[in-house]
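A short worksheet on the structure shown next.
2 protein chains.
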Amino acid sequence: MTDGNYTKRQKESLKLWIELLRYSNKLEQIIDNKIRYNYGQNISRFDVLSQLDRAKPEGLTVGELAGQLIASKGNITGLLDRMQKDGLIEKEAKKNDRRSYLVRHTNKGRALFAEMAEKNAQWVETALADIDIEHMKEFAQFLSKSRNSLD
Amino acid sequence: MTDGNYTKRQKESLKLWIELLRYSNKLEQIIDNKIRYNYGQNISRFDVLSQLDRAKPEGLTVGELAGQLIASKGNITGLLDRMQKDGLIEKEAKKNDRRSYLVRHTNKGRALFAEMAEKNAQWVETALADIDIEHMKEFAQFLSKSRNSLD
DNA sequence: TTTATTTATTTTACATGTAAACTATTTTTG
DNA sequence: CAAAAATAGTTTACATGTAAAATAAATAAA
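Here the protein sequences line up with chains A and B, keeping their order. Add 387 to a position in the first sequence, counting from 1, and you land on the number used in my numbering. Add 387 to a position in the second sequence, counting from 1, and you land on the number used in my numbering.
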């Protein structure tokens, strides 16, 4: 099927899709590079710490955590193992269910996250500096609403 | 720094950033799953074929190709090796520069891409069905413009 | 209660992404 | 031309992503 066979709606959908991928991947790349260069971490680890930081103090099970992550999901076992080895998170067996355990960030993890989060806010602000605040709000709402219809 | 210490602009930037990542990753996931399930390929391979399909007939060098890809970039050597093994692309030595070579999609790769591209247009259209076409145009333009200021 | 099913996580095998070091080749410069 | 610098890709080592099968424990069903 050549370009001419796409409907008007398909063409616009494809354009938007491409632009979304390009913009989002580029932005993600920029932030990931900053996190790697400045903290030796990456977006996946930042994501994990971020979810643990807003979780209840006793922590989250692997399943709960996986459900909240933005990107990764798969192979979370290895990711958590490495983060534990780096002293960023800790695991605690659950009393009532021996299949499961709780994950929390350690003081070290909490401190690192606080630092990264602050820097991240600055980096993101800089990256989006050319967008006026009204457009931002409108755009974020639009995305949030549209995301629900993806299910 | 707690939430209260972020400026209004930082808060809005972070909200938009999160929504963008969530929406874009979810959409990418949906399409990637479709491509995997229906064609045993993935978004990276689709991206490669897509760039080769719009390239000049003699093909692209690895460097040119890498520069046009949306996501991957890194470790393109292995990706191209596997695609060559699957008969989707072919390589041709360059006469005037023995460091470099040209990459093209084969007939098989071209046919597969045509099929995938058509299906992809339908999938993307369905995923974005709840967005009216005026918003799409506006949104795509906005992203395209904003992306330039990321550099 | 014994068996079957479901749930939570891990393991395996492999594809892909990242960074840095390396090889080969070409181009530049003195 | 010879040495230095730049360019094109590859290799290495490792982190991460994906899917399917496996393991273990908890729950439901007969």
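No residue lacks a Cβ here, since even glycine has one placed at the ideal position from N, Cα and C.
For A:L407 and B:Y424, the gap between their C-alpha atoms comes out near 23 Å.
In this structure, the alpha-carbon of A:R534 lies about 15 Å from that of B:H522.
In this structure the segment 485-505 of chain B lies against the segment 447-467 of chain B, because at least three pairs of beta carbons, one per stretch, are closer than 8 Å. In terms of beta-carbon proximity, B:M523 lines the interface with chain A, with at least one pair separated by less than 8 Å. Cβ contact annotation for A:I457 (same chain, cutoff 6 Å, sequence separation greater than five): D434, in chain order. Proximity of B:V490 to chain A, defined by a Cβ-Cβ separation below 8 Å, is not satisfied.
For a cut-off of 8 Å, the C-beta gap from A:L436 to A:L475 is around 7 Å, short enough to register as a contact.
Between B:N462 and chain A, the shortest Cβ-Cβ separation is not below 8 Å. Interface annotation, A:Q397: in contact with chain B, CB-CB separation under 8 Å.
Beta-bridge partners assigned by DSSP to A:T464: none are found. Annotation: A:K398 to B:A508 spans about 8 Å, alpha carbon to alpha carbon. With a threshold of 8 Å between beta carbons, B:D440 makes no contact with chain A. Taking a 10 Å sphere around the C-beta of A:K478, we find fewer than 16 other C-beta atoms and assign the residue as exposed. For A:Y393, the chain B residues whose Cβ falls inside 7 Å of its Cβ are A508, in order along the chain.
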